[in-house]
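S.K.:
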Ligand code: ATP
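In the working numbering, the protein residues as written are 12 to 265.
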């Protein structure tokens, strides 16, 4: 059974068809990457999954549940976490504080219990701290633990954003252009992190990415979009060689 299935997703913005019937499936434990030229509809798929947008047609099924109408704030609790193209961290808070906020989706204590700081709440707080420290160790962020985000190099901020998503202990991690703004060396490191997330943590990854070296290094399957439609799917090698992809995206003559 697939972890996530997108069935015939369609959405229009004022007459522009951003997605015109997109279907794909993400298998558990795999990395699926969506590629395509600017405006193809890649980010729109993430925004539908995060429930920021409402599809005009189609269905999203996650862990056998139809999540097409699940409210946005419930999505993280279902086990879907995401990073953004433009990093969305609290700039004047530390790495640790940002990661603790990332655990927010798992908080289940009630206001009065928190006020009284009951034992159950204290135990939960310890759980949050432990989960966050595990992620800090996993992604080698110890040297930056107490640094303010604003003082960190861009490449480290990208890793912190991924760490924040991991702190919710997702089943599915959505990575929106993880290599954007990174140097060649940082992109290579990113490939290792994504492989570790998949193999060591067993987390399934759905990624949007332009860098074909990174795509080829980490993806089990690739889906290529153009004008809101799937034009090819398969392994990275198969998709890169597909004539429609070469024509639409990779800039060659098919
Ligand atoms: P990029 O690689 O540039 O990020 P993309 O493949 O992620 O591109 P989308 O951002 O999903 O593309 O956009 C797909 C189409 O939908 C584009 O024509 C875009 O202008 C349009 N679109 C997306 N979101 C909105 C919105 N909120 N309002 C109007 N049009 C939108």
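Just so you know, even glycine gets a beta-carbon here, dropped at the ideal spot from N, CA and C. As the structure is a prediction and not an experimental result, all values here were calculated from the model.
Who are the near neighbours of residue 77 in its chain, counting only those whose CB is closer than 8 Å to its CB and skipping five residues on each side?
M.R.: In the chain shown, residue 77 corresponds to position 66, counting from 1. Only 70 and 71 meet the Cβ criterion.
S.K.: Is there contact between the segment 153-168 and the segment 179-186, where contact requires at least three CB pairs shorter than 8 Å?
M.R.: With a cut-off of 8 Å, the segment 179-186 and the segment 153-168 do not count as touching, because too few Cβ pairs lie within range.
S.K.: If you draw a straight line from the alpha carbon of residue 207 to that of residue 54, how long is it in whole angstroms?
M.R.: Numbered from its first residue, the chain shown carries residue 207 at position 196. Numbered from its first residue, the chain shown carries residue 54 at position 43. Cα to Cα, residue 207 sits roughly 24 Å from residue 54.
S.K.: Less than 9 Å between the beta carbons of residue 37 and residue 13, yes or no?
M.R.: To locate residue 37, count along the chain shown from 1; it is residue 26. To locate residue 13, count along the chain shown from 1; it is residue 2. Contact: yes.
S.K.: In the DSSP assignment, what residue or residues form a beta bridge with residue 240?
M.R.: Locating residue 240 in the chain shown gives position 229, where the first residue counts as 1. DSSP lists 237 as partners of residue 240.
S.K.: Using the three-state DSSP reduction, which class does residue 228 fall into: helix, strand or coil?
M.R.: Taking the first residue of the chain shown as 1, we reach residue 228 at position 217. Here residue 228 sits in helix by DSSP.
S.K.: Please find out if some non-hydrogen atom of ligand 1 comes closer than 8 Å to the beta-carbon of residue 49.
M.R.: The residue given as residue 49 occupies position 38 in the chain shown. Residue 49: yes, Cβ under 8 Å from ligand 1.
S.K.: Are the segment 158-172 and the segment 93-105 touching by the rule of at least three beta carbon pairs closer than 8 Å?
M.R.: The segment 158-172, when compared against the segment 93-105, does touch it at the 8 Å Cβ threshold.
S.K.: Could you have a look at residue 162 and say whether DSSP puts it in helix, strand or coil?
M.R.: What you label residue 162 is simply residue 151 of the chain shown in a count that begins at 1. If DSSP states are grouped into helix, strand and coil, residue 162 belongs with the helices.
S.K.: If we ignore side chains and look at the alpha-carbon of each, how far apart do residue 222 and residue 190 end up?
M.R.: One-based indexing of the chain shown puts residue 222 at position 211. One-based indexing of the chain shown puts residue 190 at position 179. Spanning the two alpha carbons is a distance of roughly 7 Å.
S.K.: Distance, Cα to Cα, residue 35 vs residue 98?
M.R.: Counting from one through the chain shown, the residue named residue 35 turns up at place 24. Counting from one through the chain shown, the residue named residue 98 turns up at place 87. Computed Cα separation, rounded: 27 Å.
S.K.: DSSP three-state call for residue 75: helix, strand or coil?
M.R.: In the chain shown, the residue the question calls residue 75 occupies position 64. In this structure, residue 75 counts as coil in the three-state DSSP scheme.
S.K.: Under the three-state reduction of DSSP, which class applies to residue 218: helix, strand or coil?
M.R.: For the purposes of this step, residue 218 is taken as residue 207 along the chain shown, with counting starting at 1. Residue state, collapsed to three classes: strand.
S.K.: Label residue 275 either buried or exposed according to how many other C-beta atoms from any shown protein chain fall within 10 Å of its C-beta, with 16 as the threshold for buried.
M.R.: Shown here, the chain extends from 12 to 265; a query on residue 275 therefore has no answer.
S.K.: Need the endpoints of the beta strand (DSSP E) that residue 140 sits in, please.
M.R.: Sequence index remark: in the chain shown, residue 140 carries index 129 (1-based). Per DSSP, residue 140 belongs to no beta strand (DSSP E); it is in the alpha helix (DSSP H), 130-149.
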